[in-house]
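Chemist: Going by our numbering, the letters in the sequence shown line up with residues 6 to 334, in that order.
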Amino acid sequence: MSNSIINLSRFMLEEEKKYPGASGDFTLILEQIAFASKIISREINKAGLVNIIGSTKSHNVHGETQQKLDLFCNEKMIQALDPTGKVCAMASEELDEPIGVSDKSLEGKYVVVFDPLDGSSNIDVNVSIGTIFGIYKRLDDDDCSKSLLQPGKNLVCSGYVIYGSSTMFVYTTGNGVNGFTLDPSVGEFLLSHPNIKIPQFGKIYSINESNYDRWATGIKEYVKFMRNHPDRQYTARWIGSLVADFHRNMLKGGVFLYPENNKNRKGKLRLMYEANPMAFLIEQAGGMATDGTSRILDIVPKEIHQKTPLIIGSKYEVELYLSYREKYG
Ligand code: AHG
Ligand code: MN
Ligand code: MN
């Protein structure tokens with residue numbers, strides 16, 4: 006590639022050329038996710054001016070009140086992907102059951118999972134939020150009912166969009182992680198963060214400490230150690246949007262933790278459309294993701310909405326967590 010400005014479409018085409026025989030189906034799916042995210046970004050920027058903030062009367066499968074923007078984003082993702090004919094099923098945080106797509110898509114060779122809007126509680130207060138997605142190849146000889154329940158290690162692509170001080174699209178296809186910033190004047194994502202690598206250790210730990218009294222001893226001891234680390238001065242950061250906390254830690258180094266606790270035995274985050282896509286990204290950036298015992302990407306899912314503890318970030322801090330759990334339980 007030359008030194009000229011590289012937009013997302015060109016980058017994806019260059020990537021596609023590395024795979025002789027690639028049909029372009031996959032690139033089309035990614036293009037459509039990027040397109041949906043531009044519409045979402047536009048709408049989010051109007052929040053407060055038009056009547057899109059606030060909650061609806063409905064709840065999702067986790068019992069959480071759905072925000073108007075949750076449903077808007079969910080709809081935009083489905084509307085972008087459905088007509089491609091390349092996706093045979095989709096699963097979303099905001100859909101109780103996965104949806105097959107219209108008849109013409111039964112031949113689609115891919116399935117897509119997504120959290121259309123991550124960090125919903127931050128919508129009303131102008132704090133960064135995001136969209137998370139993962140793409141799997143449809144399994145051979147599957148009528149498309151089983152392909153959504155694949156372990157994260159089978160992901161062919163994952164990524165997120167962060168709607169922050171700028172809008173960024175960050176993704177991996179297993180060939181490193183690349184980040185693109187939306188230039189609103191031309192409406193294009195431009196390559197701004199090529200080949201992102203997370204530092205091997207960092208200065209940040211991100212955990213909701215209000216759960217302290219509900220944690221197992223190993224988690225308490227770990228956090229105590231981080232507060233008084235003999236070699237490093239750690240600082241705590243917690244935005245409450247996984248995408249934003251993750252994005253910051255990936256660029257600066259550090260660890261994000263949402264472990265299990267007495268109240269939520271599996272933590273809060275969802276394996277299929279939160280933990281797995283982020284785990285694929287962090288490994289591609291040189292970091293690690295675990296639930297405290299297993300590598301996140303190795304977990305064999307039992308159902309679409311299952312939760313998992315998630316400890317994700319720089320190698321040093323994640324390995325230290327594992328050693329504390331092993332020592333103290
Ligand atoms: P969502 O808005 O998609 O339901 O996800 C919210 C998640 C995640 O983004 C964040 O890290 C976590 O909830 C925050 O949880 P607490 O409110 O317990 O801190
Ligand atoms: Mn979420
Ligand atoms: Mn969500």
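Beta carbons are placed, not taken as given, at the ideal position from N, Cα and C, and that holds for glycine. Nothing here was measured: the structure is a model prediction, and the numbers come from that model.
#1: For Ile203 versus Gly258, is the C-beta spacing smaller than 8 Å?
#2: Could you please give the first and the last residue of the uninterrupted alpha helix (DSSP H) stretch that includes Ser42?
#3: Taking C-alpha atoms, which residue in Asn65, Leu74 and Glu322 lies nearest to Asp236?
#4: Can you give me the start and stop residues for the beta strand (DSSP E) that Asp75 sits inside?
#5: Determine the closest residue to Ile104 out of Glu226, Leu122, Met82 and Lys73, with distance taken between C-alpha atoms.
#6: Using the DSSP secondary-structure output, state which residues sit across from Asp5 in a beta bridge.
#7: What is the DSSP secondary structure of Lys376, counted as helix, strand or coil?
#8: Mind checking Arg253: buried by the 16 CB within 10 Å criterion, or exposed?
#9: Applying the criterion that 16 or more other CB atoms from any shown protein chain within 10 Å of the CB defines a buried residue, is Asp147 buried or exposed?
#10: Spell out whether any CB of chain B is found under 8 Å from the CB atom of Glu99.
#11: Per the DSSP calculation, Thr295 is bridged to which residue(s)?
#12: Please determine, among Tyr115, Phe194 and Phe40, the residue with the shortest C-alpha to C-alpha distance to Arg15.
#13: Report the option in Leu187, Ser170, Ser171 and Gly164 whose CA atom is closest to the CA atom of Thr177.
#14: Grouping DSSP H, G and I as helix and E and B as strand, with all else coil, what is Tyr278?
#15: When the Cα atoms are used, what is the spatial distance from Asp4 to Lys225?
#16: Have a look at Arg63 and Asp75 and give me their C-alpha separation to the nearest angstrom.
#17: Which full runs of the alpha helix (DSSP H) of 4+ residues lie inside the stretch 191 to 241, going along the chain?
Modeler: According to the structure shown:
#1: The sequence position of residue 203 within the sequence shown is 198, counting from 1. The sequence position of residue 258 within the sequence shown is 253, counting from 1. Yes; because the gap between Cβ atoms is below 8 Å, this pair is in contact.
#2: Locating residue 42 in the sequence shown gives position 37, counting from the first residue. Ser42 -> alpha helix (DSSP H) spans Asp30 to Ile49.
#3: Taking the sequence shown and counting its residues from 1, the one referred to as residue 236 is at position 231. Comparing Cα-Cα distances from Asp236 to each of Asn65, Leu74 and Glu322, the minimum goes to Glu322.
#4: Taking the first residue of the sequence shown as 1, we reach residue 75 at position 70. Note, Asp75: premise wrong, no beta strand (DSSP E); alpha helix (DSSP H) at Lys73 to Leu86.
#5: What you label residue 104 is simply residue 99 of the sequence shown in a count that begins at 1. Among Glu226, Leu122, Met82 and Lys73, the Cα nearest to that of Ile104 belongs to Met82.
#6: Nothing about residue 5 can be reported from this structure: the residues present for the chain run from 6 to 334 only.
#7: Because the chain in this structure spans residues 6 to 334, residue 376 falls outside the shown range and cannot be described.
#8: The count along the sequence shown starts at 1 and reaches residue 253 at position 248. So Arg253 counts as buried.
#9: Walking along the sequence shown from the start, residue 147 turns up at place 142. Exposed, by the Cβ-count rule.
#10: The chain inventory of the structure shown lacks chain B, comprising one protein chain alone.
#11: For this step, residue 295 is matched to residue 290 along the sequence shown. BP columns for Thr295 point to Arg300 and Ile316.
#12: In the sequence shown, counting from the first residue as 1, residue 15 sits at position 10. Nearest option by C-alpha distance: Phe194.
#13: Along the sequence shown, read from residue 1 onward, the residue named residue 177 stands at position 172. The option with the nearest alpha carbon to Thr177 is Gly164.
#14: Here residue 278 refers to the residue found at position 273 when the sequence shown is read from its first residue. If DSSP states are grouped into helix, strand and coil, Tyr278 belongs with the helices.
#15: Past the boundaries of the shown model lies residue 4; the chain is included only from 6 to 334, so the question cannot be answered.
#16: As a working note, residue 63 is residue 58 in the sequence shown. As a working note, residue 75 is residue 70 in the sequence shown. Note that residue 63 corresponds to Ser in the displayed sequence, not to Arg. Distance between the alpha carbons of Ser63 and Asp75: 11 Å.
#17: 222 to 232
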